[in-house]
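A.B. asks: For reference, the structure I am asking about is given below.
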Amino acid sequence: MSSLSPLAPGVHFLPGAVNSLVLEDGRGGALLVDTGLDDGHARKLLRGLAELGLTPTGILNTHSHADHHGGNALLLKKFPELKVFAPPLENAIITHPILEPIGLFGARPPKALQSKFLLAPPSPARLAPEPGLTRIGGVSLELIEVAGHASLMYAVRVGGVLYAADALFGPEALAKHPLVFCQDSALQKEAAARLGELEGVAVTLPGHGDPTGDLPGLVAANLSALERVTDAVRAAVRAGEAGVDDLLARVCDGLGVQMSNAGAVVLNRAVVSAHLTELLERGEVGLRVAGNRLVFFAEG
1 MSSLSPLAPG VHFLPGAVNS LVLEDGRGGA LLVDTGLDDG HARKLLRGLA
51 ELGLTPTGIL NTHSHADHHG GNALLLKKFP ELKVFAPPLE NAIITHPILE
101 PIGLFGARPP KALQSKFLLA PPSPARLAPE PGLTRIGGVS LELIEVAGHA
151 SLMYAVRVGG VLYAADALFG PEALAKHPLV FCQDSALQKE AAARLGELEG
201 VAVTLPGHGD PTGDLPGLVA ANLSALERVT DAVRAAVRAG EAGVDDLLAR
251 VCDGLGVQMS NAGAVVLNRA VVSAHLTELL ERGEVGLRVA GNRLVFFAEG
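Numbering (the UniProt record's numbering), first residue to last: 1 to 300.
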């Protein structure tokens with residue numbers, strides 16, 4: 001029995017903290033979509049391929065977060081001829097991963113923000129084709145733009161199988177991480193809603209979580225979780241004018257979140273900032289400089 005789980009003929013996935021999608025090309029090869037956090041996940045992926053007699057033909061990273069491309073390095077050591085593809089901007093971060101913690105921290109990141117969860121090994125990523133029907137690594141697939149969780153991200157569809165990447169999270173992931181990570185909360189909501197309108201999807205695989213035949217239910221759960229964060233940020237601002245760090249503490253209190261490491265703080269701080277931008281654009285929140293601090297306040 002293979003360590004890869006079947007989703008449809010020629011379509012498999014490696015379950016884990018982050019899922020990897022394996023798409024057969026019908027000639028003994030397979031395109032790998034997302035390679036996990038580290039060498040350990042990549043080894044499991046290679047073992048699963050070997051069990052099915054498959055050889056990798058290429059790598060597609062749906063976005064640049066370290067847990068989705070951390071396995072690239074080991075795969076490229078074993079198969080140096082493999083080409084790595086990623087969406088625009090995301091390919092630059094995969095090639096220069098230090099950009100991820102720099103973006104979160106705003107400067108050269110301290111060692112506490114250079115863990116494998118925020119800083120993957122570099123791999124030479126090139127631009128993936130534009131969204132739509134295309135071929136990568138000898139495999140025909142559809143790329144769907146789902147920006148929001150990252151600056152740009154692609155979901156992947158092959159027939160009735162949809163790999164939503166991190167446009168959708170499974171129920172357990174949503175419960176474990178109440179502050180659903182996103183860089184643009186408004187776009188994340190739009191992306192989730194658009195995926196819910198797709199027809200003919202038999203099974204949906206989120207980037208984190210189990211496959212499901214209930215795409216509308218998964219979309220509804222994600223939209224509800226995202227709105228819950230927006231509500232918490234709105235309530236935090238209404239509690240009194242404050243900067244992002246104070247608002248983050250209020251939001252965590254409201255959602256029952258206890259942060260214990262620097263990585264969690266900068267990630268959740270980014271989430272609060274994303275929802276603040278959404279509320280600013282709605283006209284519900286304002287910002288100003290007061291006492292050499294950037295503060296947010298409720299409008300109206």
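Even glycine gets a Cβ: it sits at the ideal position worked out from N, Cα and C.
(1) Alpha carbon to alpha carbon, how far is residue 95 from residue 64?
(2) How far does the alpha helix (DSSP H) with residue 94 in it reach, from first residue to last?
(3) In the DSSP assignment, find the unbroken alpha helix (DSSP H) run with residue 48 in it and report its ends.
(4) Does the distance from the C-beta atom of residue 165 to that of residue 103 stay below 8 Å?
(5) Taking 7 Å as the cut-off, is the CB of residue 187 close to at least one heavy atom of the ligand PLP?
(6) Does the beta-carbon of residue 191 have 16 or more other beta-carbons within 10 angstroms, so that it is buried, or is it exposed?
(7) Excluding the five sequence neighbours on either side, which residues of its own chain have a C-beta within less than 6 Å of the C-beta of residue 161, listed in chain order?
(8) At which residues does the beta strand (DSSP E) containing residue 7 begin and terminate?
(9) Starting from the C-beta of residue 259, find all residues in its chain whose C-beta is less than 8 Å away, skip the five residues before and the five after it, and write them out in chain order.
(10) Is the beta carbon of residue 210 less than 8 Å from the beta carbon of residue 274?
(11) Tell me where the beta strand (DSSP E) around residue 298 begins and ends.
(12) Do you know whose CA, among 28, 15, 74, 27, lies nearest residue 42's CA?
(13) Look up residue 13 in the DSSP assignment and say whether it is helix, strand or coil.
(14) Is the number of C-beta pairs between the region 224-242 and the region 174-184 that are closer than 8 Å three or more?
(15) Determine the direct distance from the alpha carbon of residue 39 to that of residue 141, and round the result to whole angstroms.
C.D. replies: With the structure as the only source:
(1) The sequence position of residue 95 within the sequence shown is 95, counting from 1. The sequence position of residue 64 within the sequence shown is 64, counting from 1. In a straight line, the C-alpha of residue 95 is about 9 Å away from that of residue 64.
(2) One-based indexing of the sequence shown puts residue 94 at position 94. Its alpha helix (DSSP H) spans residues 90-95.
(3) Walking along the sequence shown from the start, residue 48 turns up at place 48. Start and end: 39-51.
(4) The residue labelled residue 165 in the question sits at position 165 within the sequence shown. The residue labelled residue 103 in the question sits at position 103 within the sequence shown. Not closer than 8 Å, so no.
(5) The ligand PLP is absent from the structure shown, which contains no ligands of any kind.
(6) The residue given as residue 191 occupies position 191 in the sequence shown. Buried.
(7) As a position in the sequence shown, residue 161 is number 161, starting the count at 1. Excluding positions up to five away in sequence, the list reads 7, 8, 11, 203.
(8) Within the sequence shown, residue 7 is the residue found at index 7, counting from 1. Its beta strand (DSSP E) spans residues 5-8.
(9) Residue mapping note: residue 259 aligns to position 259 of the sequence shown, counting from 1. Once the five neighbours on either side are set aside, the close Cβ partners of residue 259 are 252, 265, 268.
(10) Here the question's residue 210 lines up with position 210 in the sequence shown. Here the question's residue 274 lines up with position 274 in the sequence shown. Going by C-beta atoms, residue 210 is not nearer than 8 Å to residue 274.
(11) Counting from 1 along the sequence shown, the entry for residue 298 is found at position 298. Under the DSSP assignment, residue 298 falls in the beta strand (DSSP E) whose first and last residues are 293-298.
(12) Position 42 of the sequence shown holds residue 42. For the residues 28, 15, 74, 27, the minimum Cα distance to residue 42 belongs to 74.
(13) For the purposes of this step, residue 13 is identified with residue 13 of the sequence shown, where counting begins at 1. Three-state result, residue 13: strand.
(14) Under the 8 Å Cβ criterion, the region 224-242 counts as touching the region 174-184, having at least three qualifying pairs.
(15) Position 141 of the sequence shown holds residue 141. Position 39 of the sequence shown holds residue 39. Cα to Cα, the separation comes out at about 26 Å.
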